[in-house]
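Visitor: Letter 237 of the sequence shown, counting from 1, is numbered 235 in the working numbering, and no numbers are missing.
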Amino acid sequence: MPRPIQTDLLKRVSRSFYLSMRLLPAPMREPVSLGYLLARASDTLADTSAAPVELRREALACFRSALDKPSGEMTEWFDRMTTKFVPHQTHEGERELLRRLPECWETFGRCGTETQQALRDVLGEITAGQSWDLARFGDATPQRVGMVETGAELETYAYQVAGCVGEFWTRVGFVTLGSRFADPSSRSGMMESGKCLGQGLQLVNILRDLGADLAAGRCYLPKDELAAAGWREGDPGSLEKAIPMVAEVWRRRGREFLQPGWSYVAALRRGRVRTATALPLILAEKTIDALDSAGAGALVERVKVSRSQVWTSLARAMVS
-1 MPRPIQTDLL KRVSRSFYLS MRLLPAPMRE PVSLGYLLAR ASDTLADTSA
49 APVELRREAL ACFRSALDKP SGEMTEWFDR MTTKFVPHQT HEGERELLRR
99 LPECWETFGR CGTETQQALR DVLGEITAGQ SWDLARFGDA TPQRVGMVET
149 GAELETYAYQ VAGCVGEFWT RVGFVTLGSR FADPSSRSGM MESGKCLGQG
199 LQLVNILRDL GADLAAGRCY LPKDELAAAG WREGDPGSLE KAIPMVAEVW
249 RRRGREFLQP GWSYVAALRR GRVRTATALP LILAEKTIDA LDSAGAGALV
299 ERVKVSRSQV WTSLARAMVS
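(1) Give a yes or no on whether the C-beta atoms belonging to T154 and K221 are separated by under 9 Å.
(2) Under DSSP, the beta strand (DSSP E) around L219 begins and ends at which residues?
(3) Whose C-alpha, out of E123, A265, C194 and W167, is nearest the C-alpha of M19?
(4) Taking just the CA atoms, how far does R169 sit from E71?
(5) Is it buried or exposed for G171, if we count other Cβ within 10 angstroms and need 16 for buried?
(6) Apply the 10 Å Cβ neighbour rule to D181 and answer buried if 16 or more other Cβ atoms are within range, or exposed otherwise.
(7) Using the three-state DSSP reduction, which class does T80 fall into: helix, strand or coil?
(8) Distance, Cα to Cα, P0 vs E231?
(9) Just the C-alpha distance for T285 and C109, rounded to the nearest angstrom, thanks.
(10) Whole angstroms is fine: what's the gap from T273's alpha carbon to L195's?
(11) To the nearest whole angstrom, what separates the beta carbons of S311 and L277, a pair I think is in contact under 8 Å?
(12) Any chance the region 189 to 204 sits against the region 112 to 123, with 3 or more Cβ pairs inside 8 Å?
(13) Give a yes or no on whether the C-beta atoms belonging to G252 and K239 are separated by under 9 Å.
(14) Please classify V298: does DSSP put it in a helix, a strand, or coil?
(15) So, are the CB atoms of G215 and F135 less than 9 Å apart?
(16) My understanding is that H86 touches T46, with C-beta atoms under 8 Å, so please give their C-beta distance in whole angstroms.
(17) If you run the structure through DSSP and keep just helix, strand and coil, what is T139?
(18) Any idea what DSSP makes of M(-1), helix, strand or coil?
(19) Compare the beta carbon distance of V173 and P29 with 9 Å and say whether it is the shorter of the two.
(20) Is the beta carbon of A57 sitting closer than 9 Å to the one on F76?
(21) Is DSSP giving D303 helix, strand or coil here?
(22) Starting from M325, trace the beta strand (DSSP E) both ways and give me its first and last residue.
(23) Whose C-beta lies closer than 8 Å to the C-beta of E190 among residues of the same chain, with five residues either side of it excluded?
(24) Could you compute how far the alpha carbon of G269 sits from the alpha carbon of G164?
(25) Starting from L22, follow the alpha helix (DSSP H) in both directions and report where the run begins and ends.
(26) Going by other Cβ atoms of all chains shown within 10 Å of its Cβ, with 16 needed for buried, is K299 buried or exposed?
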């Protein structure tokens, strides 16, 4: 990947992810960083609330199909994205990312065949999840709350926006590092445990942000489970009582999804890859601990892992 994208743009978009990527060996760092930038770009398109929902869904569909086309054929689309979306961005890094999408596409075109296919697959899943999210919550308001229907639907969404990233990480690791990444015979098992780890990380994000999402009219806890816990449509008080009970169930479910992540970490052969993989897992477990301690209070005040805990987690990840 050209240095300007790998360093300057990635650092502007997400300093924390940039620091994590520095842990990876260069052959793996480059496609993973590109995947992050492209996923962040599609997420930016999906989250631009000033743009109509249908325009955002159209942009995501074009984004998916663009991965099969040379960057030279996408000039008109790039110009349209710049006109329709860039003026609404308040995050300077995301504004620059959308402006520099042509560079990302050119970098994608220089990737090897296997890496390109891995990127197409993961971004196809991610944008499908983002499109689902827009369809379900794009018009939600505090007065008209959108809801996930079932636990299976929530787990599918967690796979689409994060579980598939665990699979992508595994594929790219073997493509770029081969047996230095892990024993090739463990690949299928690592694909499954990587998927579970990604889903677990997403569930933790959902549980951590539950209060803010509810305030915006988005409820990611399953509607059928809330009803079983006593929620009745049109009764806000019953929802307030049901949410902590269902959230507790999903914290346990989140831990179950995270657990295979430790076998994944143990299978990795490179210390730096192991550290980069273990760190988000450790932080996710600490976040669930904090959510358990906060209980219903986590709906009012978002829990945070302290800076000292982050450094402790990094030290633990380095010896995992």
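For each residue, glycine too, the CB sits at the ideal point set by N, CA and C.
Guide: From the atom records:
(1) One-based indexing of the sequence shown puts residue 154 at position 156. One-based indexing of the sequence shown puts residue 221 at position 223. No. Outside cutoff.
(2) By one-based count along the sequence shown, residue 219 stands at place 221. In this chain, the beta strand (DSSP E) harbouring L219 covers R216 to P220.
(3) Numbered from its first residue, the sequence shown carries residue 19 at position 21. Looking at the Cα atoms, W167 is the closest of the given residues.
(4) Along the sequence shown, read from residue 1 onward, the residue named residue 71 stands at position 73. Along the sequence shown, read from residue 1 onward, the residue named residue 169 stands at position 171. For E71 and R169, the distance between alpha carbons rounds to 28 Å.
(5) By one-based count along the sequence shown, residue 171 stands at place 173. Label assigned to G171: buried.
(6) To locate residue 181, count along the sequence shown from 1; it is residue 183. Label assigned to D181: exposed.
(7) Here residue 80 refers to the residue found at position 82 of the sequence shown. Helix at T80.
(8) Counting from one through the sequence shown, the residue named residue 0 turns up at place 2. Counting from one through the sequence shown, the residue named residue 231 turns up at place 233. Below a pLDDT of 50, predicted positions are generally treated as unreliable, and P0, at 48, falls in that range; the measurement from the model is reported next regardless. Answer to the nearest angstrom: the Cα atoms are 53 Å apart.
(9) Numbered from its first residue, the sequence shown carries residue 285 at position 287. Numbered from its first residue, the sequence shown carries residue 109 at position 111. Looking at the backbone, the Cα of T285 and that of C109 are separated by about 36 Å.
(10) Position 275 of the sequence shown, counting from 1, holds the residue named residue 273. Position 197 of the sequence shown, counting from 1, holds the residue named residue 195. So the two alpha carbons sit approximately 15 Å from each other.
(11) Locating residue 311 in the sequence shown gives position 313, counting from the first residue. Locating residue 277 in the sequence shown gives position 279, counting from the first residue. With a beta-carbon spacing of about 6 Å, S311 and L277 fall inside the 8 Å limit used to define contacts.
(12) Flag = no, the region 189 to 204 and the region 112 to 123 do not touch.
(13) Position 254 of the sequence shown, counted from the first residue, corresponds to residue 252. Position 241 of the sequence shown, counted from the first residue, corresponds to residue 239. Result no, Cβ atoms of G252 and K239 do not sit closer than 9 Å.
(14) Here the question's residue 298 lines up with position 300 in the sequence shown. Three-state DSSP puts V298 in coil, outside helix and strand.
(15) On the sequence shown, residue 215 is found 217 positions in, with the first residue counted as 1. On the sequence shown, residue 135 is found 137 positions in, with the first residue counted as 1. G215 is a Cβ neighbour of F135, given a cutoff of 9 Å.
(16) Residue mapping note: residue 86 aligns to position 88 of the sequence shown, counting from 1. Residue mapping note: residue 46 aligns to position 48 of the sequence shown, counting from 1. Correct: roughly 5 Å between the Cβ atoms.
(17) Residue numbering aside, residue 139 sits at position 141 when the sequence shown is read from its first letter. Of the three classes helix, strand and coil, the one that applies to T139 here is strand, per DSSP.
(18) Translated into the one-based positions of the sequence shown, residue -1 becomes position 1. Since pLDDT at M(-1) reaches only 46, below the 50 mark, its modelled position is unreliable, and the value read off the structure follows with that caveat. Coil at M(-1), not helix or strand.
(19) In the sequence shown, the residue the question calls residue 173 occupies position 175. In the sequence shown, the residue the question calls residue 29 occupies position 31. In contact: V173 and P29 (Cβ atoms closer than 9 Å).
(20) The residue given as residue 57 occupies position 59 in the sequence shown. The residue given as residue 76 occupies position 78 in the sequence shown. Their beta carbons are not under 9 Å apart, which means A57 does not touch F76 by this criterion.
(21) Walking along the sequence shown from the start, residue 303 turns up at place 305. According to the sequence provided, residue 303 is Val. The question's Asp does not apply to it. Looking at V303 - three-state DSSP - the assignment turns out to be coil, as it is neither helix nor strand.
(22) A query on residue 325 cannot be resolved here, the shown segment of the chain reaching from -1 to 318 and no further.
(23) The residue labelled residue 190 in the question sits at position 192 within the sequence shown. Here the set comprises P258.
(24) The residue given as residue 269 occupies position 271 in the sequence shown. The residue given as residue 164 occupies position 166 in the sequence shown. Distance between the alpha carbons of G269 and G164: 18 Å.
(25) As a first step, residue 22 must be located in the sequence shown, where it is residue number 24. If you look at L22, you'll find it isn't in any alpha helix (DSSP H); DSSP assigns it neither H nor E.
(26) Taking the first residue of the sequence shown as 1, we reach residue 299 at position 301. The amino acid at residue 299 is misidentified as Lys; the sequence shows Glu. Its Cβ having fewer than 16 others within 10 Å, E299 is exposed.
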